[in-house]
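Letter by letter, the sequence shown follows residues 3 to 222 in my numbering.
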Amino acid sequence: MKLVTYPDVEMMMIDLANKLAGELNTVLFHAEQASIALPGGTTPGPLYDALCASSLDWRRVRVLPTDERLVPPDSPRSNEGMIRARLLTGAAAEAQMIALRPGADGMDGLAGRVAEVLPLDILLLGMGADMHIASLFPGAPELEDALRADAPPVMQITPPAQPEPRLSLTAPALRSATIVHILITGADKRAALERAVEIDDPLLAPVCAVLGSATIHWAE
Ligand SMILES: O=C1O[C@H](COP(=O)(O)O)[C@@H](O)[C@H](O)[C@H]1O
């Protein structure tokens, strides 16, 4: 694990947006398409505001949420809705969104659509103060299965103490990524990260599933 600390949140968002744009451009230089999985939640909005202005061939970028709440896409709680509103605007509106929503073809159809963008080129994750990543929550009854190497790429998860069930990329899908960044802010999450390193068990601290290969970006 590599930890990068920034003098302030604004600088972190701009620096990391530039880094992601550079990484996407590098992938697109060598390949026809690039895939990037992105978190929802309250933290990454300003990063998306900066990233959407990057000069990129967005038509060749495939974007998918790392996880989704089982709510309609126009709900303020939808991660897809947030990513569409903050990132897929202007030129970036041409990026392809792979929604984490089952269609008439059910979970198998969704798993097939997600499998098409694996391995991920780039993975950006958030982390909760409870050490969850995507919607892999400690205490969720499905967590052990979602951490298995043979898990399907996406699973329904029932997080404890959350208003609705979720869909989440599973550990093998997350671990398929060539580049892994984790974006966190504040003293609570920094302390949670240090706790996770000590615990070193993804069943208790799901972030441990990707810590080995991740660069953590933190600002107060
Ligand atoms: O529930 C979620 O939480 C994490 C962290 O969110 P934040 O609001 O603390 O930034 C997020 O990465 C994930 O996508 C989201 O569904």
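Ideal Cβ placement from N, Cα and C applies to all residues, glycine included.
Identify which residue in ALA36, SER56, PRO48 has its Cα closest to the Cα of ASP10.
Selected option, being the one with the closest Cα: PRO48.
Residues in its own chain within less than 7 Å of THR172 by CB, not counting five upstream and five downstream?
Closer than 7 Å at the Cβ level, and outside the excluded window around THR172, lie ALA148, ALA153, PRO154, PRO155, VAL156, MET157.
List the residues that DSSP assigns as beta-bridge partners of ARG64.
ARG64 pairs with SER37, GLN98.
Starting from ILE218, trace the beta strand (DSSP E) in both directions and tell me its first and last residue.
Element bounds for ILE218: 216-221.
Measure the alpha-carbon distance for GLY111 versus PRO104 and round it to whole angstroms.
C-alpha separation (whole angstroms): 7 Å.
From PRO174 to ALA211, what distance separates their C-alpha atoms?
Going from the Cα of PRO174 to the Cα of ALA211 covers about 9 Å.
In chain order, which continuous runs of the alpha helix (DSSP H) of length 4 or greater are located wholly inside the region 108-178?
Listed in chain order, they are 108-117, 145-148, 173-177.
DSSP has ARG71 in a bridge; who is on the other side?
Paired residue(s): ARG168.
ALA55 and ILE16 - do their beta-carbons sit closer together than 8 Å?
Not closer than 8 Å, so no.
Tell me whether MET109 is buried or exposed, calling it buried when 16 or more other Cβ atoms sit within 10 Å of its Cβ.
MET109 should be labelled exposed.
CB-CB under 7 Å to ARG115, same chain, minus the five flanking residues each way: which ones, in chain order?
Cβ within range, chain order: ILE100.
Does any residue of chain C bring its CB to less than 8 Å from the CB of THR68?
No chain C is part of this structure, which consists of one protein chain only.
What is the DSSP secondary structure of VAL182, reduced to helix, strand or coil?
Strand at VAL182.
The alpha helix (DSSP H) spanning THR28 covers which residue range?
Unbroken alpha helix (DSSP H) run through THR28: 11-32.
Would you call ASN81 buried or exposed, if buried means 16 or more other Cβ atoms sit within 10 Å of its Cβ?
Flag for ASN81 reads buried.
If distances are taken between C-alpha atoms only, which option among ALA19, ASN20, TRP60, GLY24 comes closest to GLU34?
Ranking the options by Cα distance to GLU34, first place goes to TRP60.
For GLY105, does the three-state DSSP call read helix, strand or coil?
The answer is strand: DSSP assigns GLY105 an E or B state.
According to the Cβ coordinates, are TYR8 and ALA221 closer than 8 Å?
It is a contact, given that the beta carbons lie within the stated cut-off.
Would you say the beta carbon of GLN127 comes nearer than 7 Å to a heavy atom of ligand 1?
The sequence given here has Leu at residue 127, not Gln. Indeed, a heavy atom of ligand 1 lies less than 7 Å from the Cβ.
Would MET129 be called buried (16 or more neighbouring beta carbons within 10 Å of its own) or exposed?
By the neighbour-count rule (16 or more Cβ atoms within 10 Å), MET129 is buried.
Report whether the distance from the Cβ of THR44 to the nearest heavy atom of ligand 1 is below 7 Å.
Yes.
Does at least one heavy atom of ligand 3 sit under 7 Å from the Cβ of GLY130?
Here the bound small molecules are ligand 1; ligand 3 is not part of this structure.
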